[in-house]
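Right, one structure below, let's go through it.
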Amino acid sequence: MVEWGAESQIGPRVRGTELRMEIRDSVAIVTGSSRGIGRAIAAMLAGAGASVVINARDKSEALLKVADILGPPGRVLVAPGDVGDFDVCRGIVRSAQDRFGPVDILVNNAGTFGLKRFAEMEPKDWESMFRVHVFGSFNMSRHVLPDMIRRKRGVIVNIASFVAVRPPGPGRVHYAAAKSALLGLTRALGLELAGTGVRVVGVAPGLTDTEIVRKGLPNLPERVARVPVGRMARPEEIAHAVRFVIENEFTTAETLFISGGE
Ligand SMILES: NC(=O)c1ccc[n+]([C@@H]2O[C@H](COP(=O)([O-])OP(=O)(O)OC[C@H]3O[C@@H](n4cnc5c(N)ncnc54)[C@H](OP(=O)(O)O)[C@@H]3O)[C@@H](O)[C@H]2O)c1
């Protein structure tokens, strides 16, 4: 039996019948980490001892500020690029591998939001929502997976949303459909890889206090009042759920909902 907390090992540690993936000394990529939930996930991973690759579409001031906050430059890499582009994602993954070595943890978090009635929607509205959420997850996962399968080690976390299964409200058909696709992707890919040492898990947040919500929702106070616990989640609470699904070796092909009871 190996005890928890032995500093020198990477990989599952056995304690009784429990297995835990060690974050310390692993290499993690978090897409869409210039603010909000992604920034909190990147901070959680850096705090737990991972080398972290942070990303957003552009090398913005916000992204560079996150790099400063996360700690020693030797443990953080800024890798901007649109996750909707397959070749750009190959570049992001390669730069992570070149700097830190093989990728152990990928968090597909990058996302956008928008309200538009279905009857007014253009193909470009539909496409852009699927491009970032669904193609983004495919593109990044496709590039990290060969190495993960070869090494028999890795976890991919897809950030879905509670609106994939709960009433999303009007104007969100494209968003809800894209997030539902992530539940299916997580389930099917997780099962395809089950037993290989590579896990695919989802975290589906409820209403969380970030820019996407503050800028995107016109009736925020009424919306918050409908959350049974009476408030939005803090991004750090979502990051805590992400930590759980990364560390717990018995989670795969499933999505953890964290929505304040909604
Ligand atoms: N907040 C909520 O209530 C809530 C609830 C359920 C699920 N979620 C999901 O949680 C994730 C994070 O949301 P958030 O609330 O933290 O949103 P946010 O504050 O708007 O952050 C979104 C992040 O994604 C980046 N991004 C957007 N498009 C990108 C692209 N094509 N390529 C790379 N990066 C991109 C943004 O940076 P740039 O704009 O600089 O590119 C930013 O860093 C999203 O997938 C969202 O759908 C949020």
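The sequence shown stops at residue 275 when you use my numbering, and every number in between is there.
Even for Gly, the Cβ is constructed at its ideal location relative to N, Cα and C.
Selection from the options that minimises the alpha carbon distance to residue i
i	options	result
Val-147	Ala-194, Val-89, Arg-166 and Val-237	Ala-194
Glu-205	Ala-246, Glu-267 and Ile-225	Glu-267
Gly-274	Val-255, Ser-47, Ala-252 and Ala-246	Ala-246
Lys-228	Val-116, Gly-114, Gly-127 and Arg-244	Gly-127
Lys-129	Gly-184, Leu-58, Pro-86 and Leu-83	Gly-184
Val-40	Ile-105, Asp-81, Asp-95 and Gly-114	Gly-114
Thr-209	Pro-231, Thr-265, Val-255 and His-187	Thr-265
Beta-carbon proximity of residue i to residue j, cut-off 8 Å
i	j	result
Val-170	Val-214	yes
Arg-236	His-156	no
Ser-47	Ser-64	no
Val-43	Val-101	no
Val-96	Ala-80	no
Nonlocal neighbours in the same chain, by C-beta distance under 6 Å from residue i, ignoring five residues either side
i	result
Ser-21	Because the pLDDT at Ser-21 is just 46, under 50, the model does not fix this residue reliably, and the value given afterwards should be weighed accordingly. Same-chain partners within the cutoff: there are none.
Ala-189	Val-176 and Pro-181
Ile-225	Phe-126
Thr-199	Asn-171, Val-213, Gly-215 and Thr-268
Leu-202	Val-213
Contacts around residue i, its chain only, beta-carbon distance under 8 Å, and the 5 residues preceding and following it disregarded
i	result
Val-211	Leu-158, Met-161, Ile-162, Lys-165, Arg-166, Gly-167, Val-168 and Ile-169
Ile-50	Asn-122, Ile-172, Pro-218, Thr-221, Thr-223, Pro-248, Ile-251 and Ala-252
Val-106	Ile-42, Val-116, Met-153, His-156 and Val-157
Leu-196	Ala-173, Ala-177, Val-178, Gly-215, Ala-217 and Thr-268
Counted within 10 angstroms of its Cβ, other Cβ atoms place residue i as buried (16 or more) or exposed
i	result
Ile-172	buried
Phe-131	exposed
Lys-192	buried
Ile-118	buried
Gly-84	exposed
Contact set for residue i: own chain, Cβ-Cβ below 7 Å, skip 5 residues either direction
i	result
Gly-62	Ile-36, Arg-37 and Asp-38
Phe-99	Asn-152
Leu-76	Ser-47, Ile-67, Ala-69, Val-91 and Pro-93
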